[in-house]
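K.L.:
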Amino acid sequence: MRAYVPLLLLPLTALFIGVQGCGDYQKVLKSSDPEFKWEKAQEYFADDRCIQSLPLLQELIGLFRGTERMEDVYFMYAEAHLCIQDWFMGRYSMRNFAKTFPNSDRAEEAEFRAALCSYRLSPGPELDQSETAVAMDELQLFLDRYPTTHLRDSCNNMIFKLRGKLETKAWKGAELYFTTSKFQSASKALQQFIDEWPASQYAEEAQFLILKSQFLYAEQSTSRRQSERYADAIESYFTFAARFPESALLNEAEQFHRKSRAGLEKASTEQR
């Protein structure tokens, strides 16, 4: 029985503490003392209670505008948005801080964090990549503005990852033409992908799919058009073999090459 009573009282105790804490927070919000609110805002922020610090900091921006404390208040306000992972408001606030306090010791950090928010807003490669492009531009602009920054490696690492998303997005878009059996469009889209991303991790597969697309497109064509399309496939085979002589796909590529030669000979015979 003794063990049961404390367990029963635990939720009630937690509820009482929660209500009391809520009441204390309301007192802080209603206080007319800016210094007290600033002290509590810092306390909440230090305790990772950023959602509670934000209303106080927002009010203090107006109360301390034009004073020396304004810089500290606004920077913490911007940091609090990052703390709760509100990347849109975090980016806006950090950008605004850098513009409002361009001579601040924290201006560089603010610009970096604004770019970091854009990086966080970049979605997966299957989605629209507008935010990815914005993030890359902001990170590069930051590097151009602060060429000796200690954050260079971090920026370059993020740019590399963002480029990877754009690369994957472009690859998936080109590959989709092949998987949906649009072979003529596939060969063009895949070639464009290779032209834009010559060192891509997908370059080998893309080059192979160009060959396969051209062969399958020739197979679907009328006899009058087959000769030139088989010839395109044969040329693509030599391109693939020259670029990737050690490829695991080379044997399969050779099969398409042989079939394309046979198809070309047959089509040429029929046209005589």
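The working numbering applies: residue 22 is where the sequence shown begins, and numbers increase by one. Every residue gets a Cβ at the ideal spot worked out from N, C-alpha and C, and that includes glycine.
Please work out which residues of its chain come closer than 6 Å, Cβ to Cβ, to M91, disregarding the five sequence neighbours upstream and downstream, and give them in chain order.
P.N.:
If you number the sequence shown from 1, residue 91 lands on position 70. Closer than 6 Å at the Cβ level, and outside the excluded window around M91, lie F85.
K.L.:
Tell me, to the nearest whole angstrom, how far the beta carbon of S208 is from that of Q241; I am working on the premise that it is less than 8 Å.
P.N.:
The sequence position of residue 208 within the sequence shown is 187, counting from 1. The sequence position of residue 241 within the sequence shown is 220, counting from 1. Your pair S208 and Q241 does not check out as a contact, with CB atoms roughly 13 Å apart and the cut at 8 Å.
K.L.:
What residue does the alpha helix (DSSP H) around T153 start on, and which one ends it?
P.N.:
Taking the first residue of the sequence shown as 1, we reach residue 153 at position 132. It spans 151-166 - the alpha helix (DSSP H) in which T153 sits, taken as one unbroken run.
K.L.:
Note down the Cα distance separating H278 from A269, rounded to an integer number of angstroms.
P.N.:
Position 257 of the sequence shown holds residue 278. Position 248 of the sequence shown holds residue 269. Looking at the two C-alpha atoms, the distance is approximately 15 Å.
K.L.:
Enumerated in chain order, which unbroken segments of the beta strand (DSSP E) with a length of 3 residues or greater are wholly contained in the stretch 208-280?
P.N.:
none
K.L.:
Nearest by alpha-carbon distance to E291: which of S248, H102, S257, F259 is it?
P.N.:
To locate residue 291, count along the sequence shown from 1; it is residue 270. Comparing Cα-Cα distances from E291 to each of S248, H102, S257, F259, the minimum goes to S248.
K.L.:
Which whole runs of the alpha helix (DSSP H) in the stretch 61-141 are 4 residues long or more, in chain order?
P.N.:
71-84, 91-104, 108-121
K.L.:
On the criterion of 16 or more Cβ atoms from any shown chain inside 10 Å, does F214 qualify as buried, or is it exposed?
P.N.:
Position 193 of the sequence shown holds residue 214. F214 should be labelled buried.
K.L.:
Identify whether E56 lies in helix, strand or coil by the three-state DSSP scheme.
P.N.:
By one-based count along the sequence shown, residue 56 stands at place 35. Residue state, collapsed to three classes: helix.
K.L.:
Determine, using beta carbons only, whether A62 and L81 come nearer to each other than 8 Å.
P.N.:
Locating residue 62 in the sequence shown gives position 41, where the first residue counts as 1. Locating residue 81 in the sequence shown gives position 60, where the first residue counts as 1. In contact: A62 and L81 (Cβ atoms closer than 8 Å).
K.L.:
With H, G and I counted as helix, E and B as strand and the rest as coil, what does DSSP make of E147?
P.N.:
Reading the sequence shown from its first residue, position 126 is the one you call residue 147. For E147, the three-state secondary structure derived from DSSP is coil.
K.L.:
DSSP three-state label for S175, please.
P.N.:
Your numbering for residue 175 matches position 154 in the sequence shown. The answer is helix: DSSP assigns S175 an H, G or I state.
K.L.:
Just to confirm my understanding: we take K287, look at its own chain, exclude 5 residues before and 5 after, and list those with CB closer than 7 Å. What are they?
P.N.:
Counting from one through the sequence shown, the residue named residue 287 turns up at place 266. Nothing meets the Cβ criterion.
K.L.:
If A210 sits next to A220, beta carbons under 8 Å apart, how far is it from one beta carbon to the other, in whole angstroms?
P.N.:
Counting from one through the sequence shown, the residue named residue 210 turns up at place 189. Counting from one through the sequence shown, the residue named residue 220 turns up at place 199. That pair is no contact at about 18 Å.
K.L.:
State yes or no: is the C-beta of S125 within less than 8 Å of the C-beta of A101?
P.N.:
Numbered from its first residue, the sequence shown carries residue 125 at position 104. Numbered from its first residue, the sequence shown carries residue 101 at position 80. No, the pair does not count as a contact, with Cβ atoms beyond the cut-off.
K.L.:
With 16 as the cutoff for other CB atoms within 10 Å, does C71 come out buried or exposed?
P.N.:
Mapped onto the sequence shown, residue 71 falls at position 50. Counting C-beta atoms within 10 angstroms of its own C-beta, C71 has 16 or more neighbours from the protein chains shown and is therefore classed as buried.
K.L.:
Whether or not the stretch 222-233 and the stretch 247-262 are in contact is what I'm after, with contact meaning three or more pairs of Cβ atoms, one per stretch, closer than 8 Å; do they touch?
P.N.:
yes
K.L.:
What separation, rounded to the nearest whole angstrom, lies between the Cα atoms of L58 and Y65?
P.N.:
On the sequence shown, position 37 is the one that residue 58 refers to. On the sequence shown, position 44 is the one that residue 65 refers to. Checking the sequence, you will find Lys at residue 58 rather than Leu. Distance between the alpha carbons of K58 and Y65: 10 Å.
K.L.:
Are the beta-carbon atoms belonging to Y46 and L78 less than 8 Å from one another?
P.N.:
Within the sequence shown, numbered from 1, the residue matching residue 46 stands at position 25. Within the sequence shown, numbered from 1, the residue matching residue 78 stands at position 57. No, the Cβ-Cβ distance between Y46 and L78 is not below 8 Å.
K.L.:
Please name the residue in A154, F122, S175, A136 whose C-alpha comes closest to that of F109.
P.N.:
Here residue 109 refers to the residue found at position 88 of the sequence shown. Taking only the C-alpha atoms, the option nearest F109 is A136.
K.L.:
Using only the alpha-carbon positions, how far apart do L36 and G44 sit?
P.N.:
To locate residue 36, count along the sequence shown from 1; it is residue 15. To locate residue 44, count along the sequence shown from 1; it is residue 23. For L36, the predicted structure reports a pLDDT of 38, less than 50, and the residue's modelled location is therefore unreliable. A value from the coordinates is still provided. Roughly 12 Å separates the two Cα atoms.
K.L.:
Quick one: Cα of E226 to Cα of N117, how far?
P.N.:
Position 205 of the sequence shown holds residue 226. Position 96 of the sequence shown holds residue 117. Computed Cα separation, rounded: 45 Å.
K.L.:
Kindly indicate which residue of Q276, F265, S175 has the alpha-carbon position closest to the one of F333.
P.N.:
The first residue shown for the chain is 22 and the last is 293, placing residue 333 beyond what the model contains.
K.L.:
Between which residues of its own chain and W192 is the CB-CB distance below 8 Å, once the five residues before and five after are set aside?
P.N.:
On the sequence shown, position 171 is the one that residue 192 refers to. Closer than 8 Å at Cβ, skipping near neighbours: F214, W218, S221, Y223, A227.
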